[in-house]
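Residue numbers (the working numbering): 6 to 690.
As structure tokens, the structure follows; a few thoughts come after it.
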């Protein structure tokens, strides 16, 4: 097993159970130049001391680790404890076998797993615009309520009522020939039990006019030569609507309107899942509390949610359809739509989000545009895994995750920026982390792959830690956020890279997945959002609140990052106790975490089951270079100290002593720790 050995202060964990949390305070930094010796032992509890960061000057420390007589491997973890300053790289002397950064060699692994197409849940421009809106809307001068700002949609008829969709100004350039979209209402879900009505609109340029009910024999239609060739039909809209909100579903078919009861509103649907964790997405119709906010430009509540399905990714200049349905932007929530057009001229004045029509209607298993029989599920277009549906269409499945993801953003704006009166925008990494962990929480119940990238097989969603073979391709591909974490963890969790957002998504998800499995699951994330804090202080406050930590026992953000860094390197071989837990403790299926029921929304309580996480099941992948970067699954462990030029705030770096060679006896290293850099080590068998 891998055992964490941090260097300096000894922290005994004897008797610690899986529900307890270490309560040590951050230790005093070691005296500069003082030698540190640690003996490694297989017996007893793991030894977890550390050389903490010195905030005033660098430290030159002689470190000796006695590994005993059995061969072991020694890795070091360097963490920048500063949340605001970049740190210089440490140095290590006395390493008699300096190596090179682990390289990808086809000889060592001739058959790498497949690359899946990749997408983002919002373009960087939308993310930036939402942050600006969150910063500025509260400071607008008081204004009179515009009574017609959001007229109720009573009297709308499925199949005939149309709306003109206004794209965000910053995105309008993607559609030079079609700035605004005419969209037709294709489905309505009435759910009075939760005081909500859902309206689903589809752009006319994406509607299936050939087979509007359910597509061709395989459930889809592709119109060759059309700039937007994948066409949305009624069956697709019905599946999407029912997944989001149960109730009385009305659709229009060739035989006339059809009403179907899809289930109890707020039970087993995305609306119920997300609101049970985070609370409502907006005021109820007639909510008297709204009068306290209406002069800030928020639209009048009507108890409605709208989903607009339209092409979100620009067609090429030649109109080539190959650019459509093969990656790009899945969907997004634009905060301006919550506000009056007198504030934002591109507001649709609806509580709404938008989804890409082309990826929704693409039936392929692989997510590309190949429509061969082997690349389409046997039952045709399919969005949800189940025991009866072991193969699904890649993008429609992702679209359900996107609904849960974007709904968190919608709720987040209302709960934090409006109700909590947060002073400014939530930092991007924090908001996106909450959305990705929401996908994680709902994946098993919703029948989606989720950010772990693990599909359901024969009704079994979760997996035993380490059970995915390195050659299977299952869990070892770019369908998981963890593949991007394994390559890009040196970014730091709070350093959002707008030029490579998939790398930042990976790092933020990995941190959130670890938090959820160690410090409180859905309740923890409720408390993160139900807080006026918009920085990592929201995380720290929630961890301490949910786990009853205070005073000298209270945990800090640097401590959380250090624990997370060690856990991700230990992987499934760590002792599965807080805070080094990634795998559920059960020795038999489903190897899953089950959270206590939670009820913060208008629906009944919900229970969540979410699977074990194993970073060692994923090859490191770089989106910027579009390639796997190592033939060894798991996080990159560098064999030199120049793998990156510096350590961004709250970033860490894994280093393999003597190129990962098997070692025995005493290993002595001369380590220089720059200002703010802390040192840990991991001993591996």
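The C-beta atom is built at its ideal place from N, Cα and C for all residues, glycine as well.
Buried or exposed (CB count within 10 angstroms, at least 16 for buried), residue 672:
Reading the chain shown from its first residue, position 667 is the one you call residue 672. Under this definition residue 672 is a buried residue.
Inspect the beta-carbon positions of residue 625 and residue 492 and report whether they are closer than 8 angstroms.
Indexing the chain shown from 1 puts residue 625 at position 620. Indexing the chain shown from 1 puts residue 492 at position 487. In this structure, residue 492 lies closer than 8 angstroms to residue 625 by Cβ.
Rounded straight-line distance, which links the Cα of residue 293 to that of residue 193:
Counting from one through the chain shown, the residue named residue 193 turns up at place 188. Counting from one through the chain shown, the residue named residue 293 turns up at place 288. Looking at the two C-alpha atoms, the distance is approximately 26 angstroms.
How is the beta strand (DSSP E) around residue 96 delimited, first residue to last?
Within the chain shown, the letter at position 91 stands for residue 96. Counting along the chain, the beta strand (DSSP E) containing residue 96 begins and ends at 96 to 98.
Helix, strand or coil, according to DSSP, for residue 689 in the structure here?
Working through the chain shown from its first residue, we reach residue 689 at position 684. In this structure, residue 689 counts as strand in the three-state DSSP scheme.
In or out: residue 384 buried (at least 16 other Cβ within 10 Å) or exposed?
For the purposes of this step, residue 384 is identified with residue 379 of the chain shown, where counting begins at 1. That one is exposed.
Under the three-state DSSP convention, the category residue 391 falls into:
The residue given as residue 391 occupies position 386 in the chain shown. Residue state, collapsed to three classes: strand.
Judging by CA-CA distance, which residue of 190, 239, 405, 559 is the nearest neighbour of residue 453?
On the chain shown, position 448 is the one that residue 453 refers to. If we check each option's Cα against that of residue 453, 405 comes out closest.
Give the straight-line distance between the Cα atoms of residue 545 and residue 237, rounded to the nearest whole angstrom.
As a first step, residue 545 is located in the chain shown; it is residue number 540 there, counting from the start. As a first step, residue 237 is located in the chain shown; it is residue number 232 there, counting from the start. C-alpha separation (whole angstroms): 44 angstroms.
Would you identify the three-state DSSP class for residue 64, choosing helix, strand or coil?
Counting from 1 along the chain shown, the entry for residue 64 is found at position 59. Here residue 64 sits in strand by DSSP.
Proximal residues to residue 196 (C-beta, below 6 angstroms), its chain only, five neighbours per side dropped
Working through the chain shown from its first residue, we reach residue 196 at position 191. Once the five neighbours on either side are set aside, the close Cβ partners of residue 196 are 250, 252, 270.
Candidates 494, 531, 396, 334, of which the one nearest residue 641 by Cα:
In the chain shown, the residue the question calls residue 641 occupies position 636. The candidate whose alpha carbon is nearest that of residue 641 is 494.
Does at least one heavy atom of the ligand HEM sit under 7 angstroms from the Cβ of residue 351?
This structure lacks the ligand HEM, and indeed carries no ligand of any kind.
Taking only the alpha-carbon atoms, compute the straight-line gap between residue 125 and residue 67 and give it to the nearest angstrom.
Position 120 of the chain shown, counted from the first residue, corresponds to residue 125. Position 62 of the chain shown, counted from the first residue, corresponds to residue 67. Rounded to the nearest angstrom, the two C-alpha atoms are 45 angstroms apart.
Simplified DSSP state of residue 682, which is helix, strand or coil
Residue 682 sits at position 677 when you count from the first residue of the chain shown. It is a strand residue.
Do residue 438 and residue 513 come within 8 angstroms of each other at the CB atom, strictly closer than that value?
On the chain shown, position 508 is the one that residue 513 refers to. On the chain shown, position 433 is the one that residue 438 refers to. Taking 8 angstroms as the Cβ cut-off, residue 513 and residue 438 qualify as a contacting pair.
What is the DSSP secondary structure of residue 50, reduced to helix, strand or coil?
What you label residue 50 is simply residue 45 of the chain shown in a count that begins at 1. Low confidence applies to residue 50: its pLDDT is 33, below 50, so where it sits in the model is not reliable, and the reading given next is rough at best. Three-state DSSP puts residue 50 in coil, outside helix and strand.
Counting only the same chain and skipping the five closest in sequence on each side, list residues whose C-beta sits under 7 angstroms from that of residue 407.
Taking the chain shown and counting its residues from 1, one reaches residue 407 at position 402. For residue 407, where only same-chain residues beyond five positions count, the Cβ hits under 7 angstroms are 126, 335, 336, 360.
Under the three-state DSSP convention, the category residue 463 falls into:
As a position in the chain shown, residue 463 is number 458, starting the count at 1. Its pLDDT being 45, under 50, residue 463 is placed unreliably by the model, and nothing is read from it.
Span of the beta strand (DSSP E), counted from its first residue to its last, around residue 78:
In the chain shown, the residue the question calls residue 78 occupies position 73. Run containing residue 78: 78 to 85, per the beta strand (DSSP E) assignment.
Just to confirm the assignment, what range does the beta strand (DSSP E) spanning residue 168 have?
Your numbering for residue 168 matches position 163 in the chain shown. Unbroken beta strand (DSSP E) run through residue 168: 167 to 170.
Given residue 435 as reference, the closest of 185, 136, 617 once Cα atoms are compared
The sequence position of residue 435 within the chain shown is 430, counting from 1. Comparing Cα-Cα distances from residue 435 to each of 185, 136, 617, the minimum goes to 136.
What whole-angstrom Cβ distance do residue 518 and residue 78 have, given they're in contact under 8 angstroms?
To locate residue 518, count along the chain shown from 1; it is residue 513. To locate residue 78, count along the chain shown from 1; it is residue 73. Not a contact, Cβ separation roughly 25 angstroms.
Could you tell me whether the Cβ atoms of residue 656 and residue 644 are closer together than 8 angstroms?
Your numbering for residue 656 matches position 651 in the chain shown. Your numbering for residue 644 matches position 639 in the chain shown. No, Cβ-Cβ distance for residue 656 and residue 644 is not below 8 angstroms.
According to DSSP, residues forming a beta bridge with residue 512
As a first step, residue 512 is located in the chain shown; it is residue number 507 there, counting from the start. In DSSP, residue 512 forms no bridge with anything.
Measure the C-alpha to C-alpha separation of residue 98 and residue 636 and round it to an integer number of angstroms.
Residue 98 sits at position 93 when you count from the first residue of the chain shown. Residue 636 sits at position 631 when you count from the first residue of the chain shown. Taking the straight line from one Cα to the other gives about 27 angstroms.
Simplified DSSP assignment, three categories, for residue 195
By one-based count along the chain shown, residue 195 stands at place 190. DSSP places residue 195 in strand when its eight states are reduced to three.
With respect to the alpha helix (DSSP H) encompassing residue 641, which residues constitute its N-terminal and C-terminal limits?
Position 636 of the chain shown, counting from 1, holds the residue named residue 641. Where residue 641 is concerned, there is no enclosing alpha helix (DSSP H), given that its DSSP letter is neither H nor E.
In angstroms, rounded to a whole number, what distance separates the CA positions of residue 682 and residue 659?
Here residue 682 is taken as the residue at index 677 of the chain shown, counted from 1. Here residue 659 is taken as the residue at index 654 of the chain shown, counted from 1. Going by the C-alpha atoms only, they are around 13 angstroms apart.
Can you tell me whether DSSP reads residue 123 as helix, strand or coil?
Along the chain shown, read from residue 1 onward, the residue named residue 123 stands at position 118. Coil, per DSSP.
At which residues does the beta strand (DSSP E) containing residue 311 begin and terminate?
Looking up residue 311 in the chain shown gives position 306. Segment 309 to 315, the beta strand (DSSP E) holding residue 311.
Run through the stretch 238 to 308 for me and flag every whole alpha helix (DSSP H) of 4 or more residues, listed as ranges in chain order.
239 to 249, 275 to 283
Could you pull the DSSP bridge partners for residue 676 from this structure?
Position 671 of the chain shown, counted from the first residue, corresponds to residue 676. Looking at the DSSP assignment, residue 676 forms a beta bridge with 66, 97.
CA-CA distance, residue 670 and residue 548?
Residue mapping note: residue 670 aligns to position 665 of the chain shown, counting from 1. Residue mapping note: residue 548 aligns to position 543 of the chain shown, counting from 1. About 39 angstroms.
For residue 508, count neighbouring Cβ atoms within 10 angstroms of its own Cβ and tell me buried if that reaches 16, exposed if not.
Looking up residue 508 in the chain shown gives position 503. Residue 508 should be labelled buried.
When we look at the beta-carbon of residue 678 and count the other beta-carbons within 10 Å, is it buried (16 or more) or exposed?
Position 673 of the chain shown, counting from 1, holds the residue named residue 678. Buried, since its Cβ has 16 or more Cβ neighbours within 10 Å.
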